[in-house]
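What follows is a single structure, written as structure tokens, with notes after it.
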């Protein structure tokens with residue numbers, strides 16, 4: 806309950822704060838809360854990966870870019886963009902309403918079994934699954950990450966004079 | 004410890020997804036739009052893990068693993084694009100970036 810409330814709060818701070826660094830810090834807090842939620846769902850490996858990959862790697866990258874670009878507070882653009890704000894809130898609330906009604910009216914899921922769920926989330930079990938049933942996706946992910954490294958370097962490097 | 008019903012996780016993930024959507028639509032800073040997309044990806048991950056625990060099936064957690072690696076790749080590429088655009092335009096406001104507009 807506490808984890809969920811804090812997760813929602815930090816998500817709101819992420820999209821509402823005017824300073825990008827504050828936004829990024831709220832997002833880091835959000836990732837830690839989600840990691841705690843994964844632990845309550847007996848997904849230990851996913852919780853560890855969440856902290857390592859998201860809070861560790863991705864957010865460091867984001868903060869590096871924010872500092873590299875030397876971003877500061879955005880100027881107020883509310884008057885010019887008020888129609889977009891209204892539209893965004895209407896669509897967002899409609900989406901939230903639809904999801905809530907869907908989840909609440911179809912709430913016929915059984916209580917999950919703690920013992921089987923605890924066995925699912927271990928590194929041992931997930932590793933077995935990944936390297937037997939999901940071996941092709943794993944190799945494809947490797948190729949994708951290699952392509953990503955090359956692509957990011959090519960995109961971010963300065964244009965050569967020729 | 005009493006187990007938390009799966010609906011709570013679903014509702015929480017729906018709320019976070021909606022917050023991410025509102026962020027993508029209303030904000031104009033490319034990096035904050037980017038972080039809102041990460042919020043949405045994470046809420047979907049929460050749904051996957053919730054159902055994986057509910058059904059005692061590890062496929063959901065395997066899929067979360069793949070979503071995370073694709074999100075990491077997307078982060079690297081997206082931020083590289085932001086840097087390249089900033090070098091040309093000196094801004095991260097997506098309203099002023101219209102070089103693809105015909």
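Protein chains in written order, with this note's numbering: chain W, 806 to 967; chain H, 4 to 105. Virtual Cβ for every residue (Gly too), placed ideally from N, Cα, C. Keep in mind that this is a model prediction, so the values were computed, not measured.
Exposed or buried, residue i, counting other C-beta atoms within 10 Å across all chains shown (16 or more means buried)?
i, result
"residue 16/H", "buried"
"residue 884/W", "Reliability fails at residue 884/W, whose pLDDT of 49 lies under 50, so the model's placement of it is uncertain and the value that follows must be treated cautiously. Label assigned to residue 884/W: exposed."
"residue 940/W", "exposed"
"residue 903/W", "exposed"
"residue 869/W", "exposed"
"residue 937/W", "exposed"
"residue 75/H", "buried"
"residue 95/H", "buried"
"residue 85/H", "buried"
"residue 29/H", "buried"
"residue 873/W", "exposed"
"residue 952/W", "exposed"
"residue 897/W", "buried"
"residue 99/H", "exposed"
"residue 947/W", "exposed"
"residue 955/W", "exposed"
"residue 104/H", "exposed"
"residue 57/H", "buried"
"residue 93/H", "exposed"
Tell me where the alpha helix (DSSP H) around residue i begins and ends.
i, result
"residue 67/H", "62-92"
"residue 848/W", "It is not in any alpha helix (DSSP H) - residue 848/W carries neither H nor E in the DSSP assignment."
"residue 10/H", "9-29"
"residue 927/W", "No alpha helix (DSSP H) contains residue 927/W, which DSSP labels as neither H nor E."
"residue 822/W", "From DSSP, residue 822/W is part of no alpha helix (DSSP H); its letter is neither H nor E."
"residue 863/W", "Note, residue 863/W: premise wrong, no alpha helix (DSSP H); not H, not E."
"residue 955/W", "940-961"
"residue 856/W", "Unbroken run through residue 856/W: none, as it is neither H nor E."
"residue 42/H", "33-58"
Of the residues the options, which one's Cα is nearest the Cα of residue i?
i, options, result
"residue 816/W", "44/H, 70/H and 11/H", "44/H"
"residue 810/W", "838/W, 833/W, 895/W and 820/W", "838/W"
"residue 49/H", "70/H, 104/H and 83/H", "70/H"
"residue 832/W", "36/H, 51/H and 31/H", "36/H"
"residue 963/W", "62/H, 64/H, 51/H and 89/H", "89/H"
"residue 945/W", "56/H, 73/H and 54/H", "73/H"
Can a CB atom of chain W be found closer than 9 Å to the CB of residue i?
i, result
"residue 47/H", "no"
"residue 103/H", "no"
"residue 97/H", "no"
"residue 92/H", "no"
"residue 7/H", "yes"
Which bits of chain W does residue i rub up against, with CB to CB less than 7 Å?
i, result
"residue 38/H", "819, 828, 829, 832 and 867"
"residue 14/H", "905 and 908"
"residue 25/H", "820, 893, 894 and 897"
"residue 71/H", "854 and 858"
"residue 100/H", "Near residue 100/H there are no residues of chain W at all, since even the closest Cβ is about 13 Å away, more than 7 Å."
So residue i contacts chain W; which residues on that side make the cut at Cβ distance below 9 Å?
i, result
"residue 19/H", "812, 813, 816, 835 and 839"
Would you verify that the beta carbon of residue i is, or is not, closer than 9 Å to some beta carbon of chain H?
i, result
"residue 853/W", "no"
"residue 884/W", "Its pLDDT being 49, under 50, residue 884/W is placed unreliably in this model, and the coordinates cannot settle the point."
"residue 944/W", "no"
"residue 940/W", "no"
Could you work out which residues of chain W lie near residue i, taking near to mean beta carbons separated by less than 8 Å?
i, result
"residue 86/H", "870, 873, 874, 960 and 961"
Quick one: which chain H residues come within Cβ less than 7 Å of residue i?
i, result
"residue 950/W", "72 and 76"
Taking C-beta pairs closer than 9 Å, name the residues in chain H that residue i reaches, listed in chain order.
i, result
"residue 807/W", "Result: empty, since nearest Cβ-Cβ is about 12 Å, beyond 9 Å."
"residue 844/W", "Within chain H, no residue comes near residue 844/W; the closest Cβ sits about 10 Å away, beyond 9 Å."
Residue i versus chain H: which residues are under 8 Å apart at the beta carbon?
i, result
"residue 930/W", "61"
"residue 861/W", "Those do not exist, as residue 861/W stays about 10 Å from chain H at its closest Cβ, beyond 8 Å."
Please list the partners that residue i has in chain A, where partner means a Cβ-to-Cβ separation under 7 Å.
i, result
"residue 953/W", "Chain labels in this structure do not include chain A; the protein chains are W and H."
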